[in-house]
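First comes the structure, then the notes that go with it.
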Amino acid sequence: MPQQTYFINNAFLGDHWVQNVRLTVDNMGIISGLQKGGSTEQGDQRLGTVVPGLVNCHSHAFQRAMAGLTEYQNSPTDTFWSWRNTMYRFANLVSPEDLQAIACYLYLEMIKQGYTSVAEFHYVHHQPNGAAYSCVSQLSQSIINAANIAGINLTLLPVLYMTAGFDGQPLLEQQKRFGNSVARYIDIQNDAAQYCADQSQHNVGIALHSLRAVPAEPMSEVINYFANNSSVCPIHIHISEQTQEVEQSIASLRKRPVEWLLDNYAVDKQWCLIHATHMTPQETKALARSGATVGICPTTEANLGDGLFPLRNYLDHGGHIAVGSDGNTCTNPMEELRWLEYGQRLATRTRNITSDNTQLNTGTSLYARGLAGGGRAIGQKTGKLKLGYRADLIVLEDDSVDLANIATGSILDVLIFGTSQSLIKDVMVNGQWKITDYHHAEEEHIKSAFIAATRALRV
Ligand SMILES: [Zn+2]
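Going by the working numbering, the first residue of the sequence shown is number 669, and it counts up by one from there.
Following this line, the structure appears as structure tokens:
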């Protein structure tokens, strides 16, 4: 693919808008030229309103197939823990082919709605009895294949999962597919990294399921192994999602989860803490100052009844945020950003919580924070129209009624709070058009494969 040039009427560069931008994208999908206030030249492709694509910092792909199937009452005190039983049933039914078909459709949906990268927190590794497939990274390869067919940038995060609780109890029968020794975990990592080694748009990082599923010693072993044996890679962990988890952490580790992590590891920008919902003001401040990113998943946290992240306090101390689709009942990043703000409004009975005097427009502030934190969470140069960054971008529908007569500075506010329609007309991922005029070239085939895969799962 030769280099291509684009002339953009109205471009959001990552934190501000600029008119008349001439963009050059090289044959690796990287932005190699950016001229502001220029004029169009022969051969330029003309684009109207362009914003960078977002990173989905947290996904469990197979859960897309069970969306909507846990919305009935088991008991008047249903919690995360009753939802988990249905999740285990699906996790134990899915085959490598099913996983690929489900993930592929999921990633297609994500791209159409504005995510151009996804961090897949991938914890189903083995056969249902816990035995490895003949290829130890079989299910990781299903995820990589799905990302390639749909055309999304992937950060694969194979998950280390070892115990059923803080007290080190062995895995339950339904958790056997998730379990690894440190040695087998490293095998999966190396195997998966090799499988996608020739694709520069993908990378592989570390995921530690949670403090309840990974004891301290193997956690250190894995972190040290990768610190010594590979280039810097992202480290993700589920943390402090549930109050029960906080209570168990205090009982077992004598500290709250975030407090314990910060006290025991050099948590910095390499880390992404998923949820971090339940923190004291001291933990919130310390985490914000660590340089880590928090991956907030508002629709999943609402769906599971987790609680609300202490957003304003965290932002006031310089905290970085990204959004994730987690359980994939929702695959629309605008809805995640909207509910991130709405949750805070409902709890505080005030408005415009995410914005501040550095950016007064709330939608713009949410979007800019999501872009910057997303790139940080996956350790990739994406989320900005900038030299050396990936050409991951969205073209908005300039002819839409919702954007008619809207000032440029309010476009992202409308995108998040002012429309129920998709205004995303075209999407470029890593320099290649994946969605053109609302359509993906493989869309019909991808949908059929998803429907076939769910036939046996959804009974
Ligand atoms: Zn999760």
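The beta-carbon is built from N, C-alpha and C at its ideal position, and this holds for glycine as well. All values derive from a computational prediction rather than experimental measurement.
Legend entry - Supposed close pair Ala818, Ile779 - CB separation, criterion 8 Å: Position 150 of the sequence shown, counted from the first residue, corresponds to residue 818. Position 111 of the sequence shown, counted from the first residue, corresponds to residue 779. The pair is a contact, with the Cβ atoms about 6 Å apart (cut-off 8 Å).
Legend entry - Endpoints, beta strand (DSSP E) assigned at Lys1115: Translated into positions along the sequence shown, residue 1115 becomes position 447. First-last for Lys1115: 1111-1125, but that is the alpha helix (DSSP H), not the beta strand (DSSP E).
Legend entry - Terminal residues of the beta strand (DSSP E) in which Asp1094 lies: Counting from 1 along the sequence shown, the entry for residue 1094 is found at position 426. 1092-1097 is the extent of the beta strand (DSSP E) around Asp1094.
Legend entry - Range of the contiguous beta strand (DSSP E) that encloses Gly682: Here residue 682 refers to the residue found at position 14 of the sequence shown. Neither: Gly682 is in no beta strand (DSSP E) and is coded neither H nor E.
Legend entry - beta-carbon Ile770 near ligand 1 non-hydrogen atom, thresh 7 Å: In the sequence shown, the residue the question calls residue 770 occupies position 102. Because no heavy atom of ligand 1 lies under 7 Å away, the Cβ of Ile770 does not count as near it: no.
Inset, instruction - Pick helix, strand or coil for Arg1017, following the three-state DSSP scheme. - result: The residue labelled residue 1017 in the question sits at position 349 within the sequence shown. If DSSP states are grouped into helix, strand and coil, Arg1017 belongs with coil.
Inset, instruction - Could you name the residues that DSSP lists as bridge partners for Trp939? - result: Taking the sequence shown and counting its residues from 1, one reaches residue 939 at position 271. Trp939 pairs with Ile903.
Legend entry - ligand 1 heavy atom lying under 7 Å from the CB of Phe730: Residue mapping note: residue 730 aligns to position 62 of the sequence shown, counting from 1. Outside the cutoff, so no.
Inset, instruction - From the DSSP output, in three-state form, read off Asp1024 for me. - result: As a working mapping, residue 1024 is identified with position 356 in the sequence shown. Here Asp1024 sits in strand by DSSP.
Legend entry - Straight-line gap, Val872 to Gly833 (C-alpha atoms, nearest Å): Here residue 872 refers to the residue found at position 204 when the sequence shown is read from its first residue. Here residue 833 refers to the residue found at position 165 when the sequence shown is read from its first residue. Roughly 26 Å separates the two Cα atoms.
Inset, instruction - Flag His726 as yes when its Cβ comes closer than 7 Å to any non-hydrogen atom of ligand 1, and as no otherwise. - result: On the sequence shown, position 58 is the one that residue 726 refers to. Yes - ligand 1 has a heavy atom lying nearer than 7 Å to the Cβ of His726.
Inset, instruction - Mark Glu788 as exposed unless 16 or more other C-beta atoms lie within 10 angstroms of its C-beta, in which case mark it buried. - result: Here the question's residue 788 lines up with position 120 in the sequence shown. It counts as buried.
Legend entry - Close beta carbons around Met887, own chain, < 6 Å, minus the five adjacent residues each side: Taking the first residue of the sequence shown as position 1, residue 887 is located at position 219. Leu876.
Inset, instruction - Please confirm whether Ala860 and Ser805 have their CB atoms less than 8 Å apart. - result: Taking the sequence shown and counting its residues from 1, one reaches residue 860 at position 192. Taking the sequence shown and counting its residues from 1, one reaches residue 805 at position 137. Yes; because the gap between Cβ atoms is below 8 Å, this pair is in contact.
Inset, instruction - Flag Leu1005 as yes if its beta-carbon sits less than 8 Å from any beta-carbon of chain B, otherwise no. - result: Judged by its chain identifiers, the structure shown contains no chain B, having just a single protein chain.
Legend entry - Any 3 or more C-beta pairs closer than 8 Å across the region 740-750 and the region 1077-1094: no
Inset, instruction - If I'm right that Leu879 touches Ile907 with Cβ under 8 Å, what's the distance once you round it to whole angstroms? - result: The sequence position of residue 879 within the sequence shown is 211, counting from 1. The sequence position of residue 907 within the sequence shown is 239, counting from 1. The Cβ separation is near 7 Å, so the contact holds.
Legend entry - Spatial distance of Met734 from Arg1126 (CA atoms): Numbered from its first residue, the sequence shown carries residue 734 at position 66. Numbered from its first residue, the sequence shown carries residue 1126 at position 458. If I take the Cα positions, the gap works out to 7 Å.
Legend entry - Residues bridged to Phe675 [DSSP beta-bridge criterion]: By 1-based counting over the sequence shown, the position of residue 675 is 7. According to DSSP, Phe675 bridges with Arg690, Arg714.
Inset, instruction - Could you have a look at Cys725 and say whether DSSP puts it in helix, strand or coil? - result: Residue mapping note: residue 725 aligns to position 57 of the sequence shown, counting from 1. Strand.
Legend entry - Inside the region 751-791 only - alpha helix (DSSP H) runs reaching at least 4 residues: 764-781
Inset, instruction - Could you tell me the distance, in whole angstroms, from the CA atom of Phe730 to the CA atom of Gly1011? - result: Numbered from its first residue, the sequence shown carries residue 730 at position 62. Numbered from its first residue, the sequence shown carries residue 1011 at position 343. Answer to the nearest angstrom: the Cα atoms are 27 Å apart.
Inset, instruction - Give me the Cα-Cα distance between Ser808 and Leu828, rounded to the nearest whole angstrom. - result: For the purposes of this step, residue 808 is identified with residue 140 of the sequence shown, where counting begins at 1. For the purposes of this step, residue 828 is identified with residue 160 of the sequence shown, where counting begins at 1. When rounded, the distance between both Cα atoms is 13 Å.
Legend entry - Residue from Tyr783, His790, Thr968, Ala944 whose Cα sits closest to the Cα of Ser1090: On the sequence shown, position 422 is the one that residue 1090 refers to. Checked all of Tyr783, His790, Thr968, Ala944; the closest Cα to Ser1090 is Tyr783.
Inset, instruction - With distances taken Cα to Cα, identify the nearest neighbour of His793 among Tyr773, Ile812, Pro826. - result: The count along the sequence shown starts at 1 and reaches residue 793 at position 125. Comparing Cα positions, the closest option is Pro826.
Inset, instruction - Name the residue from Leu921, Leu774, Thr1030 whose alpha carbon lies nearest to the alpha carbon of Leu1080. - result: Stepping through the sequence shown from its first residue, residue 1080 is reached at position 412. Nearest of Leu921, Leu774, Thr1030 to Leu1080, Cα basis: Thr1030.
Legend entry - Straight-line gap, Asp866 to Met696 (C-alpha atoms, nearest Å): Numbered from its first residue, the sequence shown carries residue 866 at position 198. Numbered from its first residue, the sequence shown carries residue 696 at position 28. The straight-line gap from Cα to Cα measures roughly 12 Å.
Inset, instruction - Given a cut-off of 8 Å, decide if Glu927 and Thr609 are closer than it, judged by their beta-carbon atoms. - result: There is simply no residue 609 to check, as the chain begins at 669 and stops at 1127 in what is shown.
Legend entry - Spatial neighbours of Ile1021 in its chain, beta-carbon cut-off 7 Å, leaving aside the 5 residues before and after: Against the sequence shown, residue 1021 aligns to sequence position 353. Excluding residues within five positions, the ones whose Cβ falls inside 7 Å are Leu979, Arg980, Glu1009, Gln1012, Arg1013.
Legend entry - Cβ neighbours of Val686 in the same chain (closer than 7 Å, five flanking residues each side left out): Locating residue 686 in the sequence shown gives position 18, where the first residue counts as 1. Correct list, in chain order: Ala679, Lys704.
Legend entry - Proximity of Asn688 and Gly706 at Cβ, strictly below 8 Å: In the sequence shown, residue 688 corresponds to position 20, counting from 1. In the sequence shown, residue 706 corresponds to position 38, counting from 1. Yes, they are a contact pair.
Inset, instruction - Would you mind stating whether Ile918 and Ile942 have Cβ atoms separated by less than 8 Å? - result: Numbered from 1 along the sequence shown, position 250 holds the residue referred to as residue 918. Numbered from 1 along the sequence shown, position 274 holds the residue referred to as residue 942. No; because the gap between Cβ atoms is not below 8 Å, this pair is not in contact.
Inset, instruction - Go ahead and pull the three-state DSSP assignment for Ser1078. - result: Looking up residue 1078 in the sequence shown gives position 410. Of the three classes helix, strand and coil, the one that applies to Ser1078 here is helix, per DSSP.
Legend entry - Inter-residue Cα distance where the pair is Val850 and Pro949: The count along the sequence shown starts at 1 and reaches residue 850 at position 182. The count along the sequence shown starts at 1 and reaches residue 949 at position 281. Using only the alpha carbons, I get a separation of about 34 Å.
Legend entry - Rounded C-alpha distance that separates Cys901 from Phe977: Translated into positions along the sequence shown, residue 901 becomes position 233. Translated into positions along the sequence shown, residue 977 becomes position 309. Each residue's Cα considered, the two are about 26 Å apart.
Legend entry - C-alpha distance - Cys965 paired with Thr1122, whole-angstrom precision: For this step, residue 965 is matched to residue 297 along the sequence shown. For this step, residue 1122 is matched to residue 454 along the sequence shown. Each residue's alpha carbon lies about 25 Å from the other.
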